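Peer 1: The end of the sequence shown is residue 209 by our numbering, with every number in the run present. Below is a structure I'd like to ask you about.
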Amino acid sequence: MLYARVSTSDQTVSHQKTQAEQAGFKLDWVIDDEGVSGVSVPLKDRPGGKRLFDKLRAGDTLVVRWVDRLGRNYEDVTANIREFMNMGVTIKTVINNMTFDGATDDPMQKAIRDAMIAFMAANAQAQAEAQKLAAKAGHEHRKAMGDDAYKGRKPSFTTPQIDQIVAKVGEGVGVNEIARQVGLSKFAVSRIKSDTAAAYAKAARWGI
2 MLYARVSTSD
12 QTVSHQKTQA
22 EQAGFKLDWV
32 IDDEGVSGVS
42 VPLKDRPGGK
52 RLFDKLRAGD
62 TLVVRWVDRL
72 GRNYEDVTAN
82 IREFMNMGVT
92 IKTVINNMTF
102 DGATDDPMQK
112 AIRDAMIAFM
122 AANAQAQAEA
132 QKLAAKAGHE
142 HRKAMGDDAY
152 KGRKPSFTTP
162 QIDQIVAKVG
172 EGVGVNEIAR
182 QVGLSKFAVS
192 RIKSDTAAAY
202 AKAARWGI
């Protein structure tokens, strides 16, 4: 089973699936979370994350491109990997073909395994925090220079489209159908749905 999390427009579920298959993994299921932050949204609170815990059983193998797909919060990632291992699930990464499971009883091997999990989870969170600081610094610099770029990249959506999405979500319409009706990508609709206030603010900055 592959779990793919997509948080930016340069990532795709199909790309992560292709990478896994090229690495030799045979996938029975692909579960994804698009437009979901791995920093602020715990795995169990994501729609795809909930499905993972519902579907995984002892003896299953969970494939992820890298542990940062499970999340970028140290406590959340390490706790979930431990829970998966306690369930009898094996976690494998596409990058470097790392394997984490609860098969060993040897204390030294357990210590090495747990140290590696902790290091990878800490590294994922550190990268996310570094990216956030870099983006903030760039934003402040452009704003100080009086450059209109401080507004960020011009959004692909408008305020009326956000209004339509909010209304459709309230009617229980699915993301794919909403995207078709308002003329936006599934990714854009998911992002707007997950953080509507931010979407409105971004459109307002651009006056659209």
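Cβ atoms here follow ideal geometry from the backbone N, Cα and C, with glycine treated the same way. On a predicted model such as this, the values are computed, not experimentally measured, just so you know.
1. Does the distance from the C-beta atom of residue 2 to that of residue 44 stay below 8 Å?
2. From residue 182 to residue 156, what distance separates their C-alpha atoms?
3. Using 8 Å as the cut-off, can you tell me whether the region 48-58 makes contact with the region 19-28, which would need three or more C-beta pairs spanning the two stretches below that distance?
4. Kindly provide the ranges of any alpha helix (DSSP H) runs that are 4 or more residues long and lie completely inside the region 180-209, ordered along the chain.
5. What's the call for residue 126, buried or exposed, on a 16-neighbour Cβ count within 10 Å?
6. Are the region 165-178 and the region 190-201 in contact at 8 Å, needing three or more beta carbon pairs?
7. Closest to residue 117 by CA distance: which of 131, 102, 129 is it?
8. Excluding the five sequence neighbours on either side, which residues of its own chain have a C-beta within less than 8 Å of the C-beta of residue 57, listed in chain order?
9. With DSSP collapsed to three states, give me the class of residue 154.
10. Suppose you measure from the CA of residue 77 to the CA of residue 96; what does that come to, to the nearest Å?
11. Under 8 Å by Cβ, that's how I've got residue 163 and residue 202 pegged, so tell me the actual separation to the nearest angstrom.
12. Given residue 66, which residues of its chain have a CB within under 8 Å of its CB, disregarding the five upstream and five downstream residues?
13. Let me confirm a value: residue 15 is counted as buried when at least 16 other C-beta atoms fall within 10 Å, else exposed. Which label applies?
14. Note down, one range per segment and in chain order, each beta strand (DSSP E) of at least 3 residues found wholly within the region 67-143.
15. Residues bridged to residue 31 by DSSP?
16. From the DSSP output, in three-state form, read off residue 65 for me.
17. Kindly give me the distance between the Cβ atoms of residue 38 and residue 8, rounded to whole angstroms, as I take these residues to be in contact under 8 Å.
18. Using CA atoms only, rank isn't needed, just tell me which of 81, 133, 134 is closest to residue 115.
Peer 2: For this structure:
1. No, Cβ-Cβ distance for residue 2 and residue 44 is not below 8 Å.
2. 18 Å
3. no
4. 187-195, 197-207
5. buried
6. The region 165-178 vs the region 190-201: in contact.
7. 102
8. These residues qualify, in order along the chain: 2, 63, 85, 88, 90.
9. coil
10. 21 Å
11. No, residue 163 and residue 202 are not in contact; Cβ-Cβ is about 10 Å, not under 8 Å.
12. 5, 17, 20, 21, 94, 95, 96
13. exposed
14. 91-94
15. 3
16. strand
17. 6 Å
18. Ranking the options by Cα distance to residue 115, first place goes to 81.
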